[in-house]
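This report refers to the structure that appears directly beneath it.
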Amino acid sequence: EESDFCNQLFKWSTEVLGYLTKSKETSDCVFSVSPEDISLYLPALPVVFLNGSESNVGESYKVMIDDYNLQFQEKLREMCNYASTPRAGLDRFFVMLFVVSQLKAISHTYVNHVNYVEEVHRKQIFAALGKELSLSDITACMRDIYKRKFSENKQPVPFSYCIRNNQNRKHLKSSIGFLSILEKETNQHIYMLPGGKEETTITMKISASIQIAMQSYRRVHGWLRHVFSEDTESYVLQANVKQYGSFILLLGTLLEDNQIDCKCACVLHHGQQLEIPLSTTDLPTAKEFSRAISSISEEQQEFSRLFRSMQLEGSLFVVGTIPIQPQLEKVLNLPECSLSKRFELQEQIIGLFVDHQIPGDILRFDGETDLSTEDKIQQVSYNVHTILELVASEVKQEEEQKQEQKLASRELLENFQCKLSSTSMRLERTHQLALETELIGMSTLQLLETQQQQLLDQDARLNEIGKSVSRMRNISCSISAELDYHSDLLQLPQEIPSAPGHSKKVSLLGKLFAQHEEHKYHTGPIKQESTGVVNEENIEEDNKEEDNPINSEHPATSATEVHSSIDQHEHSHVNLIQTQQDVFEMRRILENTFESDDVTADAV
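For the sequence shown, the working numbering gives the first residue as 2, with consecutive numbering after it.
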């Protein structure tokens, strides 16, 4: 308790000191004396003597205590004198800091000294025993002490009991199961102080409207549990049942008037084993409870007392066992121990009660009471087999329905699988078509890109051809203008002096002028010989025409001027023939270019 108090005091003083040193008032306060001027005095030191006789220890201890007391008195006198001087000027916050710091240092020092002493004792015990004691060692030591100090009927006994069908019949010694409480780690039984065994009537509510009364034996046990503060033991309730045995296990708490508040129950049969972990919670003692509620209000104290009384009422743990065979004999109106060797019949009856919830009135014996035990059992067995046949027929019908449902479900599943497989095949085909479409699209895209590039190339060529055509058109226009200019010069007078060698040139120039005039207004292709040589027959015809006199309204022109003009026109005619050859070559190029398209050179 002193250590716990010092630990709490240390924690409290640490929190208060932290608050005072970090608060705004303390930071704004100006102390006339710094905390370092006053040293803390700790009047707590461990006193341990490892060697020496008892007389020497006593004398040394007395001398040390006297010296320590003198030092303590001198320190108190110095502190009182220092506090009474006016120059000290101790402020309120400084006093609080000093007191809290002193409390913190004293509590911390005391706890450390106690821990040091305990550590020394632990080392000495370890050196003396040769091992570090555990909880199981302490428990074993206490059991040995109980055997030595207590009489045989007062010693704690293991919590382990046999379960029998008929407790009041001494000749039936065989048990049907065991019930025990074990330590989970060591798998050893816990020891309890058994109370007296008495027969009493216990009531229990099965539901909100059903309450049963049981005539049974009651035993009260007391358990003295040894624990360490850092160790936590776990315990289990273990129930075992032998072959062809069965009983009901009840767990709950004991209320007033011998009433059980059943928390859970189960049926064990045919060699089953059940382990239930137990949770142990320590309630505070009456002294601890009174100390805890001393600082709260009266209403809270009253509420705490009511709640504690409720806890104490429900703190008594109850374990109950009910053998099934005696209860079956009472329910079926059979004599005692009549079902002891009827194991198959017992199993059938328990199965009807537990699994199918068959009422007991259907199976019980309703005949005359003076019949023999065998006849009663035969009638009960007949009732059981009749119900079993009915249950078997119903089970068979249910199985048939389940089989039909399984077949229908299987057919539906097969149909679904067929549809699923067809759907998957369609999906695969669709996937393949999608892949093929994608390939076609990619090839089409590549073809379109190629055609686009070809069109771009054709556009470039057309642009170049258009530029060439425009240039040729400009050249043709310039030639036409030049021919128009020279055509005015060819309008000769009717009488031209005949000069030798010029009659043929004049007729040739007229022929060219006529062809030029025809070419100006012609829309079709120009058909001209590309050799540039004039036919001699045409010249002779022109000579014949030249023999006729020329009638002209123009004035007479000298022969020299006419001859020079004819020479110029002859030179222009040669140029025109060369130009026509270039035009024919360009036309051939255009026809070859637009041979793949339905476009002609005339349209261009």
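For every residue, glycine included, the Cβ atom is placed at its ideal position computed from N, Cα and C.
Excluding its 5 nearest sequence neighbours in each direction, I207 has C-beta neighbours in its own chain below 7 Å: I213, listed in chain order. With a threshold of 16 other beta carbon atoms within 10 Å, V101 meets it and is buried.
Contact between Y117 and P157 does not hold, since the beta-carbon distance rounds to 37 Å and is not under 8 Å. Listed as beta-bridge partners of A266 by DSSP are L251. With a 10 Å radius around the Cβ and a threshold of 16 neighbouring Cβ atoms, L484 comes out buried. Taking C-alpha positions only, Y245 is separated from P324 by approximately 12 Å.
Boundaries of the beta strand (DSSP E) harbouring P278: Q274 to L279, taken from the DSSP string.
Counted as a single uninterrupted DSSP element, the alpha helix (DSSP H) harbouring L21 occupies residues E3 to K23.
Going by DSSP, E200 is part of the beta strand (DSSP E) stretching over Y192 to K206.
The beta carbon of V112 is closer than 8 Å to those of S4, C7, N8 and F11 in its chain, skipping five residues each way along the sequence.
Y218 places its beta carbon less than 7 Å from that of E200. Sequence-distant partners of A266 (beyond 5 residues in either direction) whose C-beta falls short of 8 Å from its own C-beta, in its chain, are I249, L250, L251 and L252.
Put simply, of L333, L183 and Q260 the residue whose alpha carbon is nearest the alpha carbon of S280 is L183. G178 places its beta carbon less than 7 Å from that of V242.
According to DSSP, residue pairing for Q212 in a beta bridge involves K206. The criterion of a C-beta distance shorter than 7 Å is satisfied by S161 and H190. By the Cβ test, the segment 126 to 143 is in contact with the segment 221 to 231, since at least three Cβ pairs between them sit closer than 8 Å. Your pair I261 and M311 does not check out as a contact, with CB atoms roughly 17 Å apart and the cut at 8 Å. According to the DSSP assignment, G178 belongs to the beta strand (DSSP E) that extends over G178 to E184.
Beta bridge pairing from DSSP links N241 with F179 and Q274. Under the DSSP assignment, I323 falls in the beta strand (DSSP E) whose first and last residues are F318 to P324. DSSP places R430 within a helical segment (H, G or I) once states are collapsed to three. A distance below 6 Å between beta-carbons, with the five flanking residues on each side excluded, links N334 to the following residues of its chain, in chain order: R365 and F366. The C-beta of A482 has fewer than 16 other C-beta atoms within 10 Å across all chains shown, which makes the residue exposed. E330 places its beta carbon 7 Å or farther from that of S341. If you look at C163, you'll find it isn't in any alpha helix (DSSP H); it sits in the beta strand (DSSP E) that goes S161 to I164. R343: not part of any alpha helix (DSSP H); DSSP gives it neither H nor E. Secondary-structure assignment with DSSP links S217 through a beta bridge to T201. For the 7 Å CB-CB criterion, L307 and I277 do not form a contact.
A Cβ-Cβ distance of about 4 Å is found for the pair V332 and G361, placing them in contact under the 8 Å criterion. Straight through space, the alpha carbons of K198 and L256 are spaced by roughly 19 Å. Straight through space, the alpha carbons of L269 and K150 are spaced by roughly 40 Å.
Listed as beta-bridge partners of Y69 by DSSP are no residues whatsoever. Per DSSP, F366 lies in no alpha helix (DSSP H) and is assigned neither H nor E.
Under DSSP, H222 forms a beta bridge with P195. With fewer than 16 other Cβ atoms from the protein chains shown falling within 10 Å of its own Cβ, L130 counts as exposed.
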